[in-house]
Amino acid sequence: MLLIILRRILQAIMVLLLVALVSFIIFRYVGNPVDNILGQEATLAQRAALEEALGLNQSIYIQYFDFLWKAAQFEFGNSYRGALPVSDLIASRLPATLELAITSAIIGVSLGVILGIYTAINRGSFLSNFILSTSLIGVSLPTFLIGVLLIWIFSVELNWLPSFGRGEVVDLGWWTTGFLTLSGIKSLILPSITLGLYQMTLVMRLTRAEMLEVLKQDYIRLAYSLGLTKKQIYFFHALPNILIPVITIAGLQLGSVIAFAIITETVFQWPGVGLLFINAVYYVDIPVMSAYLLLVGFAFVIINLIVDLTYLLIDPRLRDNQLKLEV
Amino acid sequence: MTSKPVKPLLEIQNLDVTLKNRDSYFKALDDLSFNVLPGEILGLVGESGAGKSMTGSAILGLIEPPLFISKGKIIFKGKRIEENAISVRGSMISMIFQDPLVSLNPLRKIGDQLVETIRTHINIDKAEAITYAKNLLEEVGIDRERFNAYPHTFSGGMRQRVVIALALAPNPSLIIADEPTSALDVSVQALILALLKRLCKERGTSIILITHDMGVIAETTDRVAVLYSGRLSEIGKTSEVLNSPKHPYTQGLIAATPRIDADSLKTKLYQIPGTMPDLSEIPDGCPFHQRCSKSIPKCSENNPPLLYDRASCWLLEKESV
Ligand SMILES: Nc1ncnc2c1ncn2[C@@H]1O[C@H](COP(=O)(O)OP(=O)(O)O)[C@@H](O)[C@H]1O
Ligand SMILES: [Mg+2]
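Residue numbers (this note's numbering), protein chains in the order written: chain A, 810 to 1136; chain B, 16 to 336.
Now the structure itself:
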């Protein structure tokens, strides 16, 4: 068991090193950092001094390890624009993105699982059919359109919810949160629904399909014939057996919610890293882009690792097979 | 007959199960009637698709659209259950399925599954249920130390023992065993059947043993019902039916059963010509007549009723049983 976990962690670290390599290559070779910082008219002496300071004249391996070492300490150099440390920029933006991503993932996954189970259990009922056909709209409309639609209805027409920004936030020192103020929560509603709707639809359809499949299995028929109640059968027999695909998708979705919050953040002018990234692309702010890439990669790897470890928690067959393979 | 007639445990009376396919209706079970007596083992035999599993599902109320019970009564201990089989499921009637590899929940310890079933039906606390479950495991031949093991760590035969323990756990009066050994190694089959038989005899539990194997019928059952195209072809004491089968279909099934003796090893095994028709193609008259070497004109015209409480065959009219 411990061996499997260690192996998974090792794999995760390997992937991270790879992501870091890509991120490093972008950082180092897309454009010339010296040009970017000093501009074209700098003197040779100025350039040499900067190259020295940035360590650009050292061997590529040393530079990579230097990059890793600094990244591990959350140091990504200075932004070309405004010369602020990238780490500060990201640190100030990350809470916004994470709060949005996690809220919408929670909405998407929990509602998706509940509705998926409901529509599977009550197959063919009016409400199920209604939910299913409505959800088709959810998948077929692009995110930005849903966002704009929601803004139009709830901000412009009804004037209930703010259409942009994060509202008032409370600074906890290392984290700024919008969860603690009314305006913060109100501001969170529209963007997280926008971002969560698609996830919800996807999770719901998957949950439903998996549930229908599992309910056909013999162990479910046996459970019925043993006189177990519907509740026991749905929750203790069927549900555990759909967890693996559902958690896989939920994990992937959380990753992509973080990565693709860009669109939602743009629509709602949400001050998160997605918006930071868009602006960085606009101004070719390489250090910010490279750090963002590393960050998103990191998020994916961590989520994947957690998902993998959850598999082991859920399925005894995986725990044992792996052991046999390795011992 | 000198002994007074026993009251049946289960009575199936004129049961029809219909398949609705768009606007057409097909009978998967057609006017099926038979009884199960307390403590007896009744075999249900017939080729694949005869409606054996369907009969089991109907008794437990597990028939689902597009199939539905369209006629008849299922009476258990004097009460009609075809509408609310849930009241007898597990507690009074439980089931064992064919493939033990897929009939246990792979993600849950066998002990948990046992305790869950026990506590659903018997009002005891958890510690007592655990002891009860461990005793049951021992009875079916599994080490009580394996209480916390997961299904995948057991062989097929061992899993079927667990399933038997599950089926026995609520102490039902009837167990429907649907091909309980068909998916197992031949070497294990006899062991499992003997175990099931012994445990049920000890408890006075009746069994409906579904199988397509006449050998299993011969070794295990007290009485046998032969099904063909959802209809009862023949029913009677196992020894009588096997020794002097009345229905040509039963005769065919018996002739098609491999035997290990010097003569039969030399000759090629008999096969009933043709195959059982699909639900949509069941002919008028006796459903078997097209495959029957003894059919007479009447067979293709009218569906024979059960004659002399024994076989549904027009040939019996001329004969005395
Ligand atoms: N869900 C279903 N839909 C349509 N036909 C079915 C369904 N289940 C069973 N049948 C048909 O009902 C008949 C009886 O099936 P079954 O009871 O499983 O036979 P067996 O005797 O092999 O157990 C078969 O012709 C089968 O094709
Ligand atoms: Mg069957």
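Glycine residues also receive a C-beta, built at the ideal position from the N, C-alpha and C atoms.
Asked                                                                                                                                                                : Found
Is the beta carbon of Ile207 of chain B sitting closer than 8 Å to the one on Gln175 of chain B?                                                                     : yes
Just the chain A side, please: which residues come within less than 9 Å of Asp114 of chain B by C-beta, in chain order?                                              : Asp1027
How far does the alpha helix (DSSP H) with Leu268 of chain B in it reach, from first residue to last?                                                                : Pro263 to Ala270
Thinking C-alpha only, which one of B:Gly66, B:Asp324, B:Ser72 and B:Glu332 is nearest Lys313 of chain B?                                                            : B:Glu332
Closer than 7 Å: is that where the CB of Asp158 of chain B sits relative to any heavy atom of ligand 2?                                                              : no
In this structure, how does DSSP classify Ala854 of chain A when only helix, strand and coil are distinguished?                                                      : helix
Relative to the C-alpha of Arg856 of chain A, which candidate in A:Ile869, A:Phe1107, A:Ser868 and A:Pro842 has its C-alpha closest?                                 : A:Pro842
Nearer than 7 Å: is that true of the beta carbon of Asp45 of chain B relative to any heavy atom of ligand 2?                                                         : no
Does the stretch 1013-1028 of chain A come close enough to the stretch 924-932 of chain A to have 3 or more Cβ pairs within less than 8 Å?                           : yes
Grab me the residues of Phe1140 of chain A's own chain with a C-beta within less than 6 Å of its C-beta, minus the 5 sequence neighbours each way, in chain order.   : With chain A running from 810 to 1136 in the structure shown, residue 1140 of chain A is simply not present.
Taking only the alpha-carbon atoms, compute the straight-line gap between Phe83 of chain B and Ile916 of chain A and give it to the nearest angstrom.                : 40 Å
With the cut-off set at 8 Å, would you say Gly1083 of chain A and Ala1070 of chain A are in Cβ contact?                                                              : yes
So the beta strand (DSSP E) Phe83 of chain B belongs to, where does it begin and stop?                                                                               : Leu82 to Phe91
Rounded to a whole number of angstroms, what is the C-alpha to C-alpha distance between Ala910 of chain A and Ser1001 of chain A?                                    : 7 Å
Would you call the stretch 43-57 of chain B and the stretch 231-243 of chain B touching, i.e. three or more CB-CB distances under 8 Å?                               : yes
Hey, is the stretch 175-194 of chain B in contact with the stretch 105-121 of chain B, meaning 3+ C-beta pairs nearer than 8 Å?                                      : yes
At a cut of 8 Å, does the stretch 950-965 of chain A reach the stretch 1089-1107 of chain A through at least three beta carbon pairs?                                : no
So for Gly1106 of chain A, helix, strand or coil by DSSP?                                                                                                            : helix
So, Ala268 of chain B versus Val60 of chain B, is the Cβ gap smaller than 8 Å?                                                                                       : The question names Ala, but residue 268 of chain B in the sequence shown is Leu. Going by C-beta atoms, Leu268 of chain B is nearer than 8 Å to Val60 of chain B.
Confirm the yes/no value for this check: CB of Asp140 of chain B, any heavy atom of ligand 2, distance under 7 Å.                                                    : no
Have a look at Leu954 of chain A and Thr1010 of chain A and give me their C-alpha separation to the nearest angstrom.                                                : 16 Å
Does the Cβ of Glu194 of chain B lie closer than 7 Å to at least one heavy atom of ligand 2?                                                                         : yes
Straight-line CA distance for Pro302 of chain B to Ser244 of chain B?                                                                                                : 7 Å
If we count Cβ pairs, one from each stretch, closer than 8 Å, do we get three or more for the stretch 128-148 of chain B versus the stretch 197-206 of chain B?      : no
Say yes only if the C-beta of Pro81 of chain B is nearer than 7 Å to one or more non-hydrogen atoms of ligand 1, and no if none qualify.                             : yes
Name the residues in the stretch 1043-1061 of chain A whose C-beta lies less than 8 Å from a C-beta of chain B; which are they?                                      : Phe1045, His1046, Pro1049 and Asn1050
Tell me whether Tyr1092 of chain A is buried or exposed, calling it buried when 16 or more other Cβ atoms sit within 10 Å of its Cβ.                                 : exposed
Mind pulling the chain A residues with CB within less than 7 Å of Tyr165 of chain B?                                                                                 : Pro1125
Going by C-alpha distance, which of A:Leu981, A:Leu945, A:Ile1042 and A:Gly1005 is nearest Glu131 of chain B?                                                        : A:Ile1042
In three-state terms, what does DSSP make of Ser197 of chain B?                                                                                                      : coil
Which word fits Asp1117 of chain A, buried or exposed, when buried means at least 16 other C-beta atoms lie within 10 angstroms of its C-beta?                       : buried
From the DSSP output, in three-state form, read off Ile191 of chain B for me.                                                                                        : strand
Buried or exposed: which applies to Tyr870 of chain A, given that a residue is buried once 16 or more other Cβ atoms fall within 10 Å of its Cβ?                     : exposed
What does the alpha-carbon distance come out to for the pair Gly251 of chain B and Ala270 of chain B?                                                                : 18 Å
For ligand 1, I want to know if Lys67 of chain B counts as a neighbour, meaning its beta carbon is within less than 7 Å of at least one of the ligand's heavy atoms. : yes
As an exercise, report each continuous beta strand (DSSP E) stretch of at least 3 residues that is fully enclosed by the stretch 25-80 of chain B, in chain order.   : 25-36, 39-51 and 56-60
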